[in-house]
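Trainee: Sending over a structure as structure tokens; questions will come in a sec.
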Amino acid sequence: METICVKVTNEYKVLVGGGLLKKSGSLIKETDNKIQKVLVVTDTNVHKLYMSELKASLEASGFEFFEFVFESGEQSKNLETVSKILSELADKTFTRTDAVIALGGGVATDIAGFAASIFLRGIKVYQIPTSLLAQVDASVGGKTGVDLPQGKNLVGSFYQPSLVIIDTDLLASLDDILFTEGMAEVIKYAFISDEKLYYALQKKVTKKSPELVQIVSECIRIKADIVSKDEKDNGPRQILNFGHTIGHVIEKLSNYRVSHGFAVAKGMERISRNSRIHEEIVKLLKIYNLPTDDPISAQEIIKGVMNDKKKRGGTITIAFVDQIGHCDLRTMSLEEFGTYL
Numbered sequence: 624m625e626t627i628c629v630k631v632t633n634e635y636k637v638l639v640g641g642g643l644l645k646k647s648g649s650l651i652k653e654t655d656n657k658i659q660k661v662l663v664v665t666d667t668n669v670h671k672l673y674m675s676e677l678k679a680s681l682e683a684s685g686f687e688f689f690e691f692v693f694e695s696g697e698q699s700k701n702l703e704t705v706s707k708i709l710s711e712l713a714d715k716t717f718t719r720t721d722a723v724i725a726l727g728g729g730v731a732t733d734i735a736g737f738a739a740s741i742f743l744r745g746i747k748v749y750q751i752p753t754s755l756l757a758q759v760d761a762s763v764g765g766k767t768g769v770d771l772p773q774g775k776n777l778v779g780s781f782y783q784p785s786l787v788i789i790d791t792d793l794l795a796s797l798d799d800i801l802f803t804e805g806m807a808e809v810i811k812y813a814f815i816s817d818e819k820l821y822y823a824l825q826k827k828v829t830k831k832s833p834e835l836v837q838i839v840s841e842c843i844r845i846k847a848d849i850v851s852k853d854e855k856d857n858g859p860r861q862i863l864n865f866g867h868t869i870g871h872v873i874e875k876l877s878n879y880r881v882s883h884g885f886a887v888a889k890g891m892e893r894i895s896r897n898s899r900i901h902e903e904i905v906k907l908l909k910i911y912n913l914p915t916d917d918p919i920s921a922q923e924i925i926k927g928v929m930n931d932k933k934k935r936g937g938t939i940t941i942a943f944v945d946q947i948g949h950c951d952l953r954t955m956s957l958e959e960f961g962t963y964l
């Protein structure tokens, strides 16, 4: 098991290794022995796969167990779902010494974290990500939130978890498409920060690759280092948005039929068409059967970023990669951004 520390205001650990799900109860207990009740937030797909094992572990450690199960998919990432979670916490008389546990992919990590951040002005949240995308990205860093009809992740908070438990054994049973879309985030880390990772990814990594655990750990180390320098996303942390600005617009225009990972892949390609390494980006995306283009126009992108969180007044900050392993942030007007596109 590897332990990675995220050095933010409330420092916490990310545990990475095989077989950790069945140890979750004791691992959570070690962080706080005052917790009595836990509410596990998960979706309908993940519930069938892993809830019974997690429940057994939590009850064996003495926790009073409750669950909240929502319909899987981005369409559940909204204020209505969060409101239902809050009602469940209130109905079960949760207190500030109790906790929420997110079990699942990026939707579960985001909505469970957000609900925990606003219930009683904040109770503990523990992240147990089950998808590759959530393991390398969504579960670490404290970004929580939900979508509005006007755009993705427009409501949320920065709220760090008390512990992140990453059981890499769960990836073996992950749907092939979900694994593929998670690789888009792994590829992002290579281009923004790690040239060695870029070369390691040239040999296609699969769910059964022995190096997968190390790759997951390396992605988390990269993110932990960046988040530790900029917890609230006002500076260098914005390099993590490489491919996301356009990707979020693509997701929204598709009514979320294009998944997050596939949209990020398209976004990385689209923003890099004028980059010196555009060809390298396309080649690596193709190795993992990720999409390498999208018909979205410059006008649609500009219209879509009007509600983007990275927009400040009349300017927007965009992450650009012109050299493998190095990312620049460029702040420009929307008119300048349109010209670039």
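Numbers 624 to 964, taken from my numbering, label the letters of the sequence shown in order.
All residues carry an ideal CB built from backbone N, CA and C; glycine is no exception.
Please read these numbers as outputs of a predicted model, since none were measured by experiment.
1) Is the distance from the Cβ of I941 to the Cβ of L957 below 8 angstroms?
2) Inspect the beta-carbon positions of D770 and N701 and report whether they are closer than 8 angstroms.
3) In angstroms with no decimal places, state the Cα-to-Cα distance between N776 and V944.
4) Which residues in the same chain as D856 place their Cβ atom closer than 6 angstroms to its Cβ, once the five residues preceding and following it in sequence are excluded?
5) Does Q750 come out as helix, strand or coil in the three-state DSSP assignment?
6) Can you tell me whether M624 is helix, strand or coil according to DSSP?
7) Go through the region 695-781 residue by residue and report every complete run of the beta strand (DSSP E) that reaches 3 residues or more, in order.
8) Counting Cβ pairs closer than 8 angstroms, one from the region 787-795 and one from the region 746-755, do we hit at least three?
9) What does the Cβ neighbour count give for G937, buried or exposed, with the cut at 16 atoms within 10 Å?
10) Let me confirm a value: S1006 is counted as buried when at least 16 other C-beta atoms fall within 10 Å, else exposed. Which label applies?
11) Drop a sphere of 10 angstroms on the beta-carbon of Y822, count the other beta-carbons inside from all chains shown, and report buried for 16 or more, exposed for fewer.
12) What three-state label does DSSP hand R911 in the structure shown?
13) Would you kindly work out how many angstroms separate the C-alpha atoms of E854 and A683, rounded to a whole number?
14) Going along the chain, which residues of its own chain have a beta-carbon closer than 6 angstroms to the beta-carbon of S895, five neighbours each way excluded?
15) For A921, I'd like the list of residues in its chain whose CB is within less than 8 angstroms of its CB, leaving aside the five on either flank, ordered along the chain.
16) In this structure, how does DSSP classify S816 when only helix, strand and coil are distinguished?
17) Determine the contact status of D714 and I746, defining contact as a CB-CB distance below 8 angstroms.
18) Determine the burial state of G870: buried for a count of at least 16 other Cβ atoms within 10 Å of its Cβ, exposed for fewer.
19) Name the two residues that bound the continuous alpha helix (DSSP H) containing T665.
20) Between which residues of its own chain and K636 is the CB-CB distance below 8 angstroms, once the five residues before and five after are set aside?
Mentor: In terms of the structure at hand:
1) no
2) yes
3) 24 angstroms
4) none
5) strand
6) coil
7) 722-727, 747-752, 766-771 and 774-781
8) yes
9) exposed
10) Limits of the chain in this structure are 624 at one end and 964 at the other, which puts residue 1006 out of reach.
11) exposed
12) One detail in the question is off: residue 911 reads as Tyr in this sequence, not Arg. It is coil, neither helix nor strand.
13) 35 angstroms
14) H901 and I904
15) G961 and L964
16) helix
17) no
18) buried
19) T665 -> not in any alpha helix (DSSP H); beta strand (DSSP E) instead, spanning K660 to D666.
20) T626, I627, C628, V629, L786 and V787
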